[in-house]
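Some notes on the structure that comes next.
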Amino acid sequence: MDTEIMRAEDMDQAGLAELMLDMFHRMMVHHTLWFREVEHQLGFERALEAMDYAWTKSREITLKRLAGDFGFELKDGLPTALLDMPKEKQLGIIDSIAKNWLAQDGVWFQAVEFTHGMNDAKRCNDSTWVRFSP
């Protein structure tokens, strides 16, 4: 395991681009860990309530900050580039996101299958989907 700590200031542009994407990943993981801990401490229903608030505020904060960094406009909290996009294009992007979601599910399945076997992969998959879509 590489334990070298790099400072962002010392990275090249490709390294910084990787770091930006990694930071989005870490935000998703942190979001999930918060949900799991609130669920553990307060129960599933309260965790859902807290997540609704946290997601609404986090999305607002993140989009405002990114709008400033990337120079895009927001209207009613949504990027105008998404609002002004033709409906067919919006539907195509939603379809693409859905396919990536399914692919990600398969990648998780394989990550467990290849390291712990088919039985554990099936158990994890089934438990995940039961929790997500009861």
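Counted from 1, the sequence shown has number 103 at position 115 by our numbering; the numbering is strictly sequential. Where a beta carbon is used, it is the ideal one built from N, C-alpha and C, also for glycine. Keep in mind the model is a prediction, meaning the values are calculated, not measured.
CB of residue i within 7 Å of CB of residue j, strictly
| i | j | result |
| --- | --- | --- |
| Thr68 | Glu76 | no |
| Val95 | Ala109 | no |
| Lys63 | Leu71 | yes |
Whole-Å CB distance - residue i paired with residue j, under 8 Å assumed
| i | j | result |
| --- | --- | --- |
| Arg34 | Val26 | 7 Å |
| Glu48 | Gly65 | 6 Å |
| Phe102 | Asn113 | Their Cβ separation, rounded to whole angstroms, is 14 Å, which puts Phe102 and Asn113 out of contact at 8 Å. |
| Ala(-4) | Leu7 | 6 Å |
Residues bridged to residue i [DSSP beta-bridge criterion]
| i | result |
| --- | --- |
| Pro67 | Leu62 |
Three-state secondary structure (DSSP) of residue i
| i | result |
| --- | --- |
| Gly105 | coil |
| Met8 | helix |
| Ser121 | coil |
| Arg14 | helix |
| Asp72 | coil |
Selected residue, minimal CA-CA separation from residue i, among the options
| i | options | result |
| --- | --- | --- |
| Arg119 | Thr103, Gln1, Arg24 and Ile81 | Arg24 |
| Leu21 | Gly105, Ala38, Ser115 and Ala5 | Ala38 |
| Tyr41 | Gln78, Ile(-7) and His19 | His19 |
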